[in-house]
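Here's the structure, in structure tokens; my notes come after.
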Amino acid sequence: MARVKLRVFRFNPELDGEPHYDDYDLEVDENTTVLDALLYVKENVDGTLTFRSSCRMGQCGSCAVRINKRAGLACKTYVHEVAKDGVVLVEPLDHLPVIKDLVVNLDQFFESIKAVRPWRIPASVGGEVGGMPKIPADELEKMIENKQCILCAACYSDCNVVDVDRSFVGPAALVEACRFICDPLDSHDGRLRELVDLGLFKCPVDQECEVACPRRIDIRRGVVEYLRTRSVEEGIGPLPQHKGMVECVLNTGGSVPIVETPATELYPEYVKTFEGEPQDEVVLYLGCIINRRLQGTAKAIIEILQRNRVAVHLPKGQVCCGSPFMRTGQRAVMKPFVTRNFNIFNEYAERGVEKVLTSCSGCNSTFRKDYPKLAEEYGIPIKFEIYDVGEYMAKKIKINTRDLHAVNVSLMYHYPCHIMASGLEEEIYLNLLEKIPGVELVRVPKSGWCCGGGGGVRAAYPELADKLAARRIEIAEEFGVKGLVTNCPFCILQFRRVLELKREKGEEVGFQLYDFYELFANSYRGT
Amino acid sequence: MIVHDVVVVGGGLAGLRAALEASEKVDVAVVSKVHPLRSHTCVATGALHFPPAPNEPKEMYIYETVKGSDYMADQDAVEVLADGAEVEIPWLESWGVVFTRDKSGEVLRASPGGMTTRTGIIVSSQWARELVMALQEQLWKRGVTFYNEWFATSLLVGDGVCRGLTAIDIRTGDFHVIRSKAVILATGGYGWVYVRTTNSSICTGDGAAMAYRAGVPLKDMEFVQFHPTTLYPRGTLISETARVIGGRLVNSEGERFMKRYAPSFMELAPRDVVSQAMQTEINEGRGIEGKYIGLDLTHLKIEELEKFIGETNIPISFFRRRLGEFAEIAWTFARVDIREEPIPVVPGQHFCMGGVKTNTWTETCIKGLFAAGECACVSVHGANREGANALTECVVFGKRAGVRAAEYAKKEELKPAPKEIVKREEERIYRLLKRESGEVRVPELRGRLRNVMWEKVGLFRSEEGLTEALKQIRKLKESYAEVYVEDHGKVFNDSLVSALELGNMLDVAEATVIAALTRKETRGAHYRVDYPHRNYRNWTKHILIHYHPKGPVVSYEDVVITRFKPEERRY
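In the order they appear, the protein sequences are chains A and B. Going from the first sequence to our numbering is simple: count from 1 and add 1. Going from the second sequence to our numbering is simple: count from 1 and add 289.
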């Protein structure tokens with residue numbers, strides 16, 4: 002048994018002008034769910050506490066609430082697993098008007114579902130009369146996955162795009178639409194085009210919805226990227242700006258044009274500036290953005306590795322990882338790039354250098370999640386191991402802390418969505434930051450992982466991308482935070498842009514943006 | 290003033306099917322105390338019957354349903370069920386449902402527990418939500434009116450004619466009168482009166498109680514189904530499919546004890562047989578840790594299944610998904626890894642065979658009042674319901690209710706709502722909020738009710754236990770008259786709704802106990818330890834419970850027998 006404080010959002014429109022929080026001290030054991038706790042409070046402590054619940058087995062969707070800022074089903078969440086410093090914060094779903102306490106008005110959510118015409122449009126005339134035709138069983142698998150949605154609205158609550166743009170249909174609507182598009186008995190006519198208009202390409206694929214989804218629907222790859230690929234196959238997508246991005250890769254090998262000397266050309270292929278035997282040897286894959294836009298980050302990473310006696314191979318022939326293609330549905334043309342990278346990495350592995358470090362979070366999640374399937378598809382073996390640079394620093398070497406000088410900054414860590422997607426916990430990077438003397442790390446309860454830089458949103462919907470980045474800074478400032486550090490090039494560019502926009506508008510900008518690797522490198526350099 | 294031709298109370302499978310049907314001809318509205326997509330139907334396994342199976346006569350399905358009912362089902366109703374299912378099931382696929390296909394691409398057929406007929410089919414997502422969703426989608430497309438989170442509190446009946454109902458809009462707390470020519474009750478079962486149940490907390494028998502208080506008798510109330518495999522201790526349902534795909538029940542000695550109770554059907558005997566067997570094992574000291582039975586799926590490793598499945602027509606994806614669901618439920622709600630250990634299960638309340646008495650066209654003895662689905666008793670299930678027949682009943686009789694109610698509404702005039710009754714109902718409701726303080730609160734009374742029902746009106750019943758239960762329930766009803774509700778607000782006062790639900794629960798529970806006391810034999814799910822044998826000769830008749838202000842009155846009705854004479858069931 003343990004003591005836990007249940008902190009619950011309360012609002013009674015008949016009595017309260019403003020919401021407030023009530024604390025309840027409870028004894029719980031390892032079997033107590035958040036719903037058990039709420040019911041206990043209602044039946045024994047405060048009968049006016051109001052929330053929805055029905056089946057208690059994770060299937061009806063009634064009890065969806067936010068628990069410690071993340072949406073989920075109260076009946077499936079164990080108190081002892083989510084309590085932070087002995088407190089569990091329970092709030093109503095976000096983005097929907099509160100009726101009372103934890104009960105929200107879901108009308109707008111159901112309207113978003115209706116927006117995708119979620120009813121069967123028979124595939125053939127006369128198909129209205131059920132014939133129960135023969136259908137190959139495996140043709141149904143995709144549809145079946147998307148039929149698992151219980152419309153609990155947890156995804157809608159956690160969706161970063163809905164957060165800044167209520168006109169967006171939201172993840173559940175996309176799942177429902179996908180369900181019909183994959184239904185062999187549905188005519189699909191116009192559905193994909195309609196979906197593009199409703200914002201299929203507005204999703205930055207940050208996957209917060211997937212983390213919230215109690216039915217574990219594969220929203221990013223199984224729905225959003227799948228539908229984008231279908232739209233390209235059917236000539237409806239991608240958006241013109243996405244075509245441009247892919248053309249850039251096809252022409253120049255990277256997703257952005259070369260403006261300054263790429264980092265790969267600032268160094269020889271083999272970089273070892275320290276004396277004596279290296280403790281390790283790695284291949285460094287920079288990714289298009291760091292290589293062509295954030296050369297400072299590249300320099301910082303190489304410096305960090307040198308300071309840790311790690312020799313670095315910087316393949317000159319490295320090309321785009323293929324992520325821009327996959328996120329915007331243009332898989333058909335990416336094979337030459339992907340296979341080129343495979344071959345480069347395999348060659349190094351055969352020479353005994355098996356570790357490939359990525360500096361870009363997007364590349365990392367692409368290598369980890371997409372490349373294994375692609376390798377199978379293309380018939381190429383995988384002889385190499387993938388690490389994120391930060392992950393490598395934390396897990397594969399004993400990092401040199403002796404040479405770290407004090408850097409006196411107060412900041413929060415922005416956890417990039419693609420680092421999450423790579424399966425790398427936030428704690429890895431928080432622990433690394435805590436090694437730098439003088440760094441005051443502020444932990445913000447939930448800032449969201451989306452900077453607006455993913456999924457092709459920056460190219461196609463720049464205003465939306467700006468709003469997404471601005472929201473992260475807004476939330477940070479609400480917590481009195483004055484600085485943000487992150488380890489993703491897209492996040493860096495997005496936040497940089499938002500701060501520039503503020504300055505252009507003449508706003509006072511006391512907020513500081515830090516690149517994770519430059520922060521470390523500066524600490525080593527004593528600057 | 291709210292007026293509709295037909296009002297459907299309840300947004301589950303039966304209700305939405307009725308609404309869709311009636312909306313073809315007349316103006317329909319659905320009143321549901323939860324959003325239809327939160328209805329209890331949604332959490333059931335989406336299996337139905339689609340007779341006849343190829344190379345099988347339809348009669349086989351009818352026979353096995355009747356036999357399964359322990360010969361208490363009205364056989365004319367079962368024939369309607371069979372004929373109806375044959376015609377109605379394909380329509381579901383036109384509306385968005387897709388049934389699981391087998392390896393050859395045809396609709397997958399299997400036998401549910403208790404049956405050998407291969408009329409069982411299952412929706413591709415495996416959850417009955419798919420059925421509700423398809424109907425909700427069609428109703429959205431048609432623009433039918435929904436009053437969601439409106440709690441119906443009473444039926445307006447005068448001169449033997451139904452004129453509509455009263456309801457609270459839960460969101461605002463406002464009291465409303467909805468006038469209509471016809472009302473279809475589709476409010477589901479009342480399993481929440483038992484502390485151990487697979488039912489949702491919304492299953493409080495509201496429609497049955499309203500009809501009962503309005504003068505419609507409740508039929509077959511003693512027949513309450515206990516599902517063999519509910520997760521211990523939470524009561525989460527582990528669907529029968531776990532046993533259909535090969536799951537085994539073992540006691541503390543590791544024995545597959547069903548061979549002693551149903552040597553031929555084993556774990557796939559009808560639910561009453563399996564539940565009683567399991568409870569007997571536990572009562573006789575062979576429960577694991579003294580408390581539960583093991584449902585063993587550890588031998589169903591996917592690699593081995595490949596070999597087994599090679600011989601059947603069932604695609605491997607079906608097994609993967611099914612096992613995945615069981616794995617999720619067992620891990621989430623009991624922290625059990627089904628690959629390593631058996632799932633701890635005990636019987637739990639699951640379905641109510643009894644309910645509002647209707648004929649095969651869902652008509653009650655009150656003109657303009659219809660009932661379909663679990664809240665009704667036609668009876669197609671008799672003393673024990675076979676798997677997949679609940680959803681089949683909803684589809685067939687939901688449709689029939691829609692047809693009949695629409696026909697009726699087209700012919701009839703709208704009648705005035707009786708003002709006196711409306712006034713009294715409003716007072717009855719808001720009296721609950723007038724008490725400023727009190728000794729007795731709803732959670733306490735409800736807890737006591739649910740415990741006494743489980744302990745004394747559960748799997749094994751006796752004269753002594755039932756009499757005690759009745760006494761306690763009557764005491765609870767007296768306390769209920771003084772119950773105190775803390776929340777005096779209007780907006781979303783779910784405490785008020787709970788209080789009204791408790792009143793309904795007490796009524797249907799009382800009717801259940803009286804029926805159980807009356808039936809002095811063991812039949813189907815109703816097991817009397819003091820009368821442990823079937824008495825087909827004297828007891829093949831339905832017990833009806835009629836509301837009366839001085840106390841419920843019992844009457845009888847013969848079971849309709851057309852084809853199959855009652856005989857001892859062997860499995």
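Note that CB positions come from ideal geometry on N, CA and C, so glycine has one too. From a predicted model like this one, the values you see are computed outputs, not experimental measurements.
So residue i is in the alpha helix (DSSP H); what residue range does that whole segment cover?
i       : result
I420(A) : 418-422
H837(B) : From DSSP, H837(B) is part of no alpha helix (DSSP H); its letter is neither H nor E.
R532(B) : 530-533
P379(B) : 364-383
W120(A) : Taken as a continuous stretch (DSSP letters only), W120(A) belongs to no alpha helix (DSSP H), as it is neither H nor E.
H81(A)  : 80-83
D23(A)  : Unbroken run through D23(A) is the beta strand (DSSP E), 21-29; no alpha helix (DSSP H).
Answer with yes or no whether the minimum CB distance from residue i to chain B is below 8 Å.
i       : result
E15(A)  : yes
S109(A) : Contrary to the premise, residue 109(A) reads as Gln rather than Ser in this sequence. No - not a single Cβ of chain B is within 8 Å of the one on Q109(A).
W120(A) : yes
L152(A) : yes
V104(A) : yes
C56(A)  : yes
M133(A) : yes
G62(A)  : yes
Please state whether the Cβ-Cβ distance between residue i and residue j is less than 8 Å.
i       : j       : result
A679(B) : I473(B) : no
F686(B) : A471(B) : no
E799(B) : D495(B) : no
N602(B) : D391(B) : yes
F169(A) : G200(A) : yes
L50(A)  : C64(A)  : no
I291(A) : S360(A) : yes
F339(B) : I410(B) : yes
F491(A) : C452(A) : yes
V296(B) : G453(B) : yes
V257(A) : C289(A) : yes
Can you name the start and end residues of the beta strand (DSSP E) that residue i belongs to?
i       : result
G453(B) : 450-458
F554(B) : Careful: F554(B) lies outside any beta strand (DSSP E) and carries neither H nor E.
G637(B) : 632-641
D37(A)  : Unbroken run through D37(A) is the alpha helix (DSSP H), 35-45; no beta strand (DSSP E).
N344(A) : Element bounds for N344(A): not the beta strand (DSSP E) but the alpha helix (DSSP H), 336-351.
Any C-beta of chain A sitting closer than 8 Å to the C-beta of residue i?
i       : result
P604(B) : yes
G576(B) : no
K723(B) : no
L789(B) : no
I525(B) : The residue asked about is misnamed: residue 525(B) is Thr in this sequence, not Ile. Cβ-Cβ to chain A under 8 Å: yes for T525(B).
Run down chain C in chain order and give the residues with a C-beta less than 8 Å from the C-beta of residue i.
i       : result
K392(B) : In summary, chain C is missing from the structure at hand, where the protein chains are A and B.
Three or more C-beta pairs below 8 Å linking the stretch 199-209 of chain A and the stretch 414-425 of chain A = yes
Report yes or no: do the stretch 616-624 of chain B and the stretch 425-440 of chain B share at least 3 C-beta pairs separated by less than 8 Å?
-> no
Only counting runs of 4 or more residues, tell me where the alpha helix (DSSP H) segments fall wholly within the stretch 599-623 of chain B, in order along the chain.
-> 605-623
Contact between the stretch 215-222 of chain A and the stretch 167-176 of chain A: three or more CB pairs below 8 Å?
-> yes
Ordered list of beta strand (DSSP E) runs contained in the stretch 378-442 of chain A, each at least 3 residues | 386-389, 410-414, 440-442
Is it true that the stretch 268-285 of chain A meets the stretch 326-342 of chain A, where meeting means three or more beta-carbon pairs spaced less than 8 Å apart?
-> no
Would you call the stretch 178-193 of chain A and the stretch 440-447 of chain A in contact, with 3 or more CB pairs under 8 Å?
-> no
Within the stretch 203-269 of chain A, note down every full alpha helix (DSSP H) run reaching 4 residues or more, in order along the chain.
-> 209-213, 227-234, 241-253
Given 8 Å as the limit, is there contact between the stretch 511-520 of chain B and the stretch 559-573 of chain B, that is, 3 or more CB pairs closer than that?
-> yes
Report yes or no: do three or more beta-carbon pairs, one from the stretch 721-734 of chain B and one from the stretch 344-359 of chain B, lie closer than 8 Å?
-> no
For the stretch 429-438 of chain A against the stretch 457-464 of chain A, are there 3 or more C-beta pairs whose distance is under 8 Å?
-> no
Decide if the stretch 474-483 of chain A is in contact with the stretch 265-276 of chain A; the criterion is three or more beta carbon pairs, one per stretch, under 8 Å apart.
-> no
Should the stretch 691-710 of chain B be regarded as contacting the stretch 745-757 of chain B, the criterion being three or more beta carbon pairs within less than 8 Å?
-> no
Check whether the stretch 638-646 of chain B touches the stretch 476-488 of chain B, counting contact only when three or more Cβ pairs, one atom from each stretch, lie closer than 8 Å.
-> yes
Going along the chain, which unbroken runs of the beta strand (DSSP E) with 3 or more residues stay wholly within the stretch 487-572 of chain B?
-> 513-520, 537-539
Specify whether the stretch 493-511 of chain B and the stretch 655-675 of chain B touch according to this definition: at least 3 beta carbon pairs, one from each stretch, less than 8 Å apart.
-> yes
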